[in-house]
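Asks: Next up is a structure, given as structure tokens.
Numbering (the numbering used here), first residue to last: 462 to 706.
Next comes the structure, spelled out in structure tokens:
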């Protein structure tokens, strides 16, 4: 556990982290971060594109419905959920449309969830931390660089597509990340935003904080996460800081 002085990050007028109070206190031995929707604002944009595509081929879908159905899934799990929604095979045009959107996002970059970068930078330097995400590692590294956190996690960037056989909602990725950090999962705080991710995080045995700071999180989102069994819900990173202190 970190021995840094017990200070915690505050919030500025825009709800972002304020480093003037010094390093954040942390009673846990490590932090595990989901990525999309926790550190970057990618969930709404990605699910809006899915909704627009499905609507265009005769399956009227809102971004909110797409988030309910697909958020937090990747690879085979995402494709299976999409096939259930379509009632059949995924058209080749869908993959082409997703590739165009991914290329745009990689080229332009996606901004942070409010306060995310300041929060990470204010963590005690020696506190182990990792990213545990359903996204590819090249996607994660590109957007970490975009929000100024290129070196914040070192080699500890783990993908449910690349590092474990079973991605979210299985608990495997969280257990893998904790093991790579050399910390027992029960001594890790996990920051998650999606119901799929929260399900796996709770099953792993970590202390799960549901974050509802992203623009994709509607009024009922906190209750959905509580129903899954998260230990606490935070509306912003200032509340996360208080919860881990």
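No residue lacks a Cβ here, since even glycine has one placed at the ideal position from N, Cα and C.
Please return the same chain residues whose Cβ sits closer than 6 Å to the Cβ of residue 491, not counting the five positions on each side in sequence.
Replies: As a working mapping, residue 491 is identified with position 30 in the chain shown. Cβ neighbours of residue 491 beyond the five flanking positions: 589, 642, 644, 649.
Asks: Would you mind reading off the limits of the beta strand (DSSP E) that contains residue 494?
Replies: Sequence index remark: in the chain shown, residue 494 carries index 33 (1-based). Note, residue 494: beta strand (DSSP E), 491-494.
Asks: How is residue 575 classed by DSSP in three states: helix, strand or coil?
Replies: Your numbering for residue 575 matches position 114 in the chain shown. Residue state, collapsed to three classes: coil.
Asks: Using beta-carbon positions only, say whether residue 701 and residue 646 come within less than 8 Å of one another.
Replies: Residue numbering aside, residue 701 sits at position 240 when the chain shown is read from its first letter. Residue numbering aside, residue 646 sits at position 185 when the chain shown is read from its first letter. Their beta carbons are not under 8 Å apart, which means residue 701 does not touch residue 646 by this criterion.
Asks: Return helix, strand or coil for residue 671, following the three-state DSSP convention.
Replies: Sequence index remark: in the chain shown, residue 671 carries index 210 (1-based). It is a strand residue.
Asks: Please name the residue in 685, 662, 665 whose C-alpha comes closest to that of residue 673.
Replies: Numbered from 1 along the chain shown, position 212 holds the residue referred to as residue 673. Residue 685 is the option with its Cα nearest to residue 673.
Asks: Are at least three pairs of beta-carbons, each pair with one atom in the segment 593-604 and one in the segment 492-504, less than 8 Å apart?
Replies: Judged by Cβ distances under 8 Å, the segment 593-604 makes contact with the segment 492-504, as three or more pairs qualify.
Asks: Quick check: residue 543 and residue 635, are their CB atoms within less than 8 Å of each other?
Replies: By 1-based counting over the chain shown, the position of residue 543 is 82. By 1-based counting over the chain shown, the position of residue 635 is 174. No.
Asks: Please confirm if the segment 503-520 is in contact with the segment 618-634, defined as three or more CB-CB distances below 8 Å between the two stretches.
Replies: Segments in contact, no.
Asks: Taking the straight line between their C-alpha atoms, what separation do you get for residue 517 and residue 568?
Replies: The residue given as residue 517 occupies position 56 in the chain shown. The residue given as residue 568 occupies position 107 in the chain shown. If you take the alpha carbons of residue 517 and residue 568, they lie about 25 Å apart.
Asks: I need the boundaries of the beta strand (DSSP E) containing residue 687, first residue and last residue.
Replies: For the purposes of this step, residue 687 is taken as residue 226 along the chain shown, with counting starting at 1. Here residue 687 belongs to no beta strand (DSSP E); instead the alpha helix (DSSP H) covers 682-689.
Asks: Cα separation between residue 527 and residue 514?
Replies: Walking along the chain shown from the start, residue 527 turns up at place 66. Walking along the chain shown from the start, residue 514 turns up at place 53. Their Cα atoms are separated by approximately 11 Å.
Asks: May I have the straight-line CA-CA distance separating residue 699 from residue 587, to the nearest angstrom?
Replies: Within the chain shown, numbered from 1, the residue matching residue 699 stands at position 238. Within the chain shown, numbered from 1, the residue matching residue 587 stands at position 126. Each residue's alpha carbon lies about 20 Å from the other.
Asks: How far does the beta strand (DSSP E) with residue 650 in it extend, from its first residue to its last?
Replies: Residue 650 sits at position 189 when you count from the first residue of the chain shown. That run of the beta strand (DSSP E) goes 649-653.
Asks: Which runs of the alpha helix (DSSP H) spanning at least 4 residues fall entirely within the segment 523-596, listed in chain order?
Replies: Runs found: 524-531, 536-547, 553-569, 577-582.
Asks: Run through the DSSP bridge pairs and tell me what residue 646 is partnered with.
Replies: Here residue 646 refers to the residue found at position 185 when the chain shown is read from its first residue. Looking at the DSSP assignment, residue 646 forms no beta bridge with any residue, so it has no partner.
Asks: If you draw a straight line from the C-alpha of residue 571 to the C-alpha of residue 488, how long is it?
Replies: Mapped onto the chain shown, residue 571 falls at position 110. Mapped onto the chain shown, residue 488 falls at position 27. Each residue's alpha carbon lies about 31 Å from the other.
Asks: Write down the C-beta distance between residue 675 and residue 654 rounded to the nearest angstrom, noting that I regard them as a contact closer than 8 Å.
Replies: Within the chain shown, the letter at position 214 stands for residue 675. Within the chain shown, the letter at position 193 stands for residue 654. With a Cβ gap of about 6 Å, residue 675 and residue 654 count as contacting.
Asks: Which residues mark the beginning and the end of the beta strand (DSSP E) in which residue 620 is found?
Replies: The residue given as residue 620 occupies position 159 in the chain shown. 618-620 is the extent of the beta strand (DSSP E) around residue 620.
Asks: Go ahead and label residue 554 buried or exposed: buried means 16 or more other beta carbons lie within 10 angstroms of its beta carbon, across all protein chains shown.
Replies: One-based indexing of the chain shown puts residue 554 at position 93. Burial call: exposed.
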